[in-house]
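In full-length UniProt numbering, the protein residues as written are 1 to 643.
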């Protein structure tokens with residue numbers, strides 16, 4: 001079923017063309033990724049799909065009954081309500097129905113209604129219909145859904161009565177995502193939903209979206225996430241769109257194949273055109289060959305000429321070099337701990353790492369465990385509470401700050417770099433900035449006017465100029481588009497120094513890391529491999545723990561059985577109790593059956609005109625049924641306990 005269709009969509013901002021002739025189909029259970037460079041119009045396209053922004057020309061077809069849900073980039077939930085109440089508001093229609101059901105139940109027990117058979121039957125049918133709708137709409141499980149989403153989005157340690165207004169921006173963004181997921185629209189449109197999510201939360205979101213009963217349209221720079229989720233990719237490039245089937249890795253392969261094929265066809269046609277033009281030029285004036293030449297000329301005029309395949313826009317080009325080699329021992333941490341205030345719990349404790357020259361360490365762990373704090377402790381901005389830290393001989397640290405706080409907002413891009421290296425020629429500084437995609441008048445822009453991606457590239461340019469032999473990087477892929485991430489990966493793979501970095505980009509960790517350090521408040525653990533190896537070992541450990549627990553449970557069961565066999569009196573007493581239990585269960589079941597028969601007989605009598613017109617008799621039968629139902633409930637509780 002087609003949920004939405006975009007046909008020949010065009011969008012301009014003033015005279016600037018942003019998108020042109022965009023075609024896109026959304027069908028039920030589609031998992032669509034919109035990919036492209038920063039500034040290519042991905043977010044603009046999502047806004048038009050969600051109805052948040054008008055398009056200039058073209059059509060958007062969507063059936064009226066199809067519901068849409070849209071989460072803009074870095075959108076925080078603004079509310080004065082508590083976490084739980086705000087999530088529960090999604091199900092206000094179910095709460096209203098539940099209230100109506102309780103009211104109808106009270107009306108059905110009214111003696112006055114029992115005297116009006118038609119009104120009673122009408123109410124009974126209405127009650128059944130409403131209860132069926134309530135059940136099918138999730139009325140009995142919406143609280144469990146709220147808890148699952150809040151736990152999945154890392155709010156399990158929160159007091160859910162906390163006012164949302166007191167939360168951080170990242171927490172409000174996660175809550176906005178959670179509320180949208182609970183609404184379950186037919187088409188879920190998400191712009192960078194992975195921002196502010198740690199790796200565990202990302203894994204949960206992947207599982208949730210994989211099983212989502214509807215279509216999902218995503219813009220994300222998380223390639224690992226896209227590989228896990230999507231089955232269709234639309235690339236936005238050169239103002240147009242192109243569809244690819246498969247996940248992100250499939251898209252990259254197919255894109256390369258398509259480009260080579262298109263280039264081959266173009267070059268072949270150009271060769272044919274050249275031959276035909278040469279033939280026309282040589283033979284058009286000859287009497288014997290003039291007709292053939294004219295025929296070739298007509299063929300050329302009618303030929304549907306292929307455009308040369310467009311290459312990607314310019315990519316950043318850079319590499320990291322070192323001024324001098326460090327000693328073999330780069331960093332030693334022994335039982336390191338950190339706390340912000342005395343007498344408060346440690347943010348992390350017992351952290352031990354040995355980093356050698358040429359190593360590449362990735363720090364992973366939940367948000368709030370102190371990964372950024374550890375990096376700031378290593379570079380000397382913060383002081384450890386206890387433990388030992390030793391930096392090796394000739395180690396020069398280059399630090400990348402994910403917040404770009406080292407950039408001076410009032411400076412121009414050119415001066416931001418040039419002021420650190422005043423003895424270099426302006427031409428050389430401009431060349432370096434050009435390699436990071438700052439050209440022409442761009443270098444005169446104030447830093448404050450730069451986008452997140454531009455600030456990230458400028459910070460990387462400054463880092464490259466340091467030629468440090470130990471790079472300490474805090475979320476270096478944040479704000480970078482997919483192409484820039486790949487360029488950064490290539491530069492770091494070829495880097496001859498040592499790396500320690502924090503990242504939530506699992507694809508990036510897989511490419512760069514040779515060791516993974518898992519941080520937790522109590523301890524740190526080192527895994528000798530990339531991210532996939534780390535996940536594999538964690539799963540293996542979980543499986544082994546489950547096997548050990550099962551073996552332990554079996555052993556305890558066997559010991560209990562052994563003790564029971566050696567105690568004849570105990571065995572005899574148990575069997576006696578078992579016989580009593582079974583007899584009592586049989587008695588309960590017989591009594592329940594008798595009571596249910598009595599209720600059915602009373603219900604049949606209440607439907608007889610001569611009964612329901614007799615007020616006293618109707619009331620007596622109704623009260624008798626109520627007593628019988630209460631007795632059944634009591635017996636059922638006892639039966640469940642015995643079973």
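Every residue gets a Cβ at the ideal spot worked out from N, C-alpha and C, and that includes glycine. For clarity, every value in this text was computed on a predicted model and none was experimentally measured.
Open item on the list: Less than 8 Å between C-beta atoms, sequence neighbours within five positions excluded: which residues of the same chain meet that for residue 82?
Closed with: These residues qualify, in order along the chain: 160, 161, 162, 163 and 164.
Open item on the list: Across the stretch 340 to 354 and the stretch 402 to 421, are there enough close Cβ pairs to call them in contact, namely three or more that are closer than 8 Å?
Closed with: By the criterion of at least three beta-carbon pairs nearer than 8 Å, the stretch 340 to 354 is not in contact with the stretch 402 to 421.
TODO: Sort 546, 522 and 290 by Cα distance to residue 369 and report the nearest one.
DONE: When only C-alpha atoms are compared, the closest one is 522.
Open item on the list: Rounded to whole angstroms, what is the Cα-Cα separation between residue 608 and residue 592?
Closed with: In a straight line, the C-alpha of residue 608 is about 25 Å away from that of residue 592.
Open item on the list: Using only CA atoms, which one of 6, 15, 11 and 10 lies nearest to residue 63?
Closed with: When only C-alpha atoms are compared, the closest one is 6.
Task: Beta-carbon proximity list for residue 290, same chain, < 8 Å, skipping 5 on both sides - done: 283 and 284.
Task: Short Cβ contact (8 Å threshold) for residue 34 with residue 46 - done: Yes, the Cβ-Cβ distance between residue 34 and residue 46 is below 8 Å.
Task: From 230, 580, 200 and 61, residue whose alpha carbon lies closest to that of residue 247 - done: Of the candidates 230, 580, 200 and 61, the one whose C-alpha sits nearest the C-alpha of residue 247 is 230.
Open item on the list: Measuring only the C-alpha atoms, how far is residue 286 from residue 279?
Closed with: Distance between the alpha carbons of residue 286 and residue 279 is about 11 Å.
Open item on the list: Considering only their Cβ atoms, is the gap separating residue 244 from residue 251 smaller than 8 Å?
Closed with: Cβ atoms of residue 251 and residue 244: closer than 8 Å.
Task: Beta-carbon proximity of residue 481 to residue 315, cut-off 8 Å - done: Result no, Cβ atoms of residue 481 and residue 315 do not sit closer than 8 Å.
TODO: Compute the Euclidean distance between the alpha carbons of residue 20 and residue 11, then round it to the nearest angstrom.
DONE: Each residue's alpha carbon lies about 7 Å from the other.
- [ ] State the Cα-Cα distance for the pair residue 206 and residue 123, rounded to the nearest angstrom.
- [x] Straight-line Cα distance between these residues: approximately 45 Å.
Task: DSSP three-state assignment for residue 1, whether helix, strand or coil - done: Three-state result, residue 1: coil.
TODO: Could you tell me the boundaries of the beta strand (DSSP E) in which residue 58 lies?
DONE: It spans 57 to 61 - the beta strand (DSSP E) in which residue 58 sits, taken as one unbroken run.
Task: At least 3 beta-carbon pairs within less than 8 Å: the stretch 464 to 479 vs the stretch 391 to 401 - done: Taking 8 Å as the limit for Cβ pairs, the verdict is that the stretch 391 to 401 does touch the stretch 464 to 479.
Task: Check whether residue 602 and residue 625 have beta carbons under 8 Å apart - done: The Cβ atoms of residue 602 and residue 625 lie closer than 8 Å to each other.
- [ ] Examine chain D for any beta-carbon lying closer than 8 Å to the beta-carbon of residue 39, and answer yes or no.
- [x] Absence of chain D from the displayed structure is noted, only one protein chain being present.
Task: Within 8 Å, strictly: CB atoms of residue 192 and residue 8 - done: No, they are not a contact pair.
Task: Neighbourhood of residue 44 by C-beta, 7 Å cutoff - its chain only, sequence neighbours within 5 removed - done: The residues are 11, 18, 19 and 53.
Open item on the list: Could you compute how far the alpha carbon of residue 548 sits from the alpha carbon of residue 637?
Closed with: Distance from the CA of residue 548 to the CA of residue 637, rounded to the nearest whole angstrom, comes to 36 Å.
Task: Any 3 or more C-beta pairs closer than 8 Å across the stretch 214 to 223 and the stretch 88 to 102 - done: Verdict: no, contact absent.
Open item on the list: Just list the residues that DSSP pairs residue 501 with in beta bridges.
Closed with: Residue 501 pairs with 362 and 473.
Task: Span of the alpha helix (DSSP H), counted from its first residue to its last, around residue 631 - done: First-last of the alpha helix (DSSP H) with residue 631: 615 to 642.
Task: Contact the stretch 324 to 333 vs the stretch 502 to 522: 3+ CB pairs below 8 Å - done: Contact annotation: the stretch 324 to 333 does not touch the stretch 502 to 522, with fewer than three C-beta pairs closer than 8 Å.
- [ ] Report the residue from 71, 126 and 440 whose alpha carbon sits nearest the alpha carbon of residue 97.
- [x] Here the closest residue by C-alpha is 126.
TODO: Quick one: residues in its chain with C-beta nearer than 8 Å to the C-beta of residue 377, no 5 flanking neighbours on either side, listed in chain order?
DONE: Counting only Cβ-Cβ distances below 8 Å, and skipping sequence neighbours, we find 336, 338, 383, 384 and 389.
- [ ] Work out the CA separation of residue 156 and residue 309 for me, nearest whole Å.
- [x] Near 51 Å, if we compare the C-alpha coordinates of residue 156 and residue 309.
Task: Exposed unless 16 or more other CB atoms sit within 10 angstroms - verdict on residue 584 - done: The Cβ neighbour count for residue 584, taken over all protein chains shown within 10 Å, is under 16; the residue is labelled exposed.
TODO: Determine which residues share a DSSP beta bridge with residue 351 and list them.
DONE: According to DSSP, which records beta bridges pairwise, residue 351 is partnered with 336.
Open item on the list: Judging by CA-CA distance, which residue of 340, 364 and 518 is the nearest neighbour of residue 381?
Closed with: If we check each option's Cα against that of residue 381, 340 comes out closest.
Task: Distance, residue 42 Cα to residue 497 Cα - done: Cα-Cα distance, rounded: 36 Å.
Task: Beta-carbon spacing of residue 417, residue 444 below 8 Å - done: Not closer than 8 Å, so no.
- [ ] Name, in chain order, the residues that DSSP records as bridge partners for residue 163.
- [x] For residue 163, which the question treats as bridged, DSSP gives the partners 82.
Open item on the list: Tell me which residues share the same chain as residue 663 and place their Cβ nearer than 7 Å to its Cβ, disregarding the 5 neighbours each side in the sequence.
Closed with: In this structure the chain extends from 1 to 643, so residue 663 is not present and cannot be described.
- [ ] Look up residue 34 in the DSSP assignment and give the residues it is bridged to.
- [x] Looking at the DSSP output, residue 34 bridges to 234.
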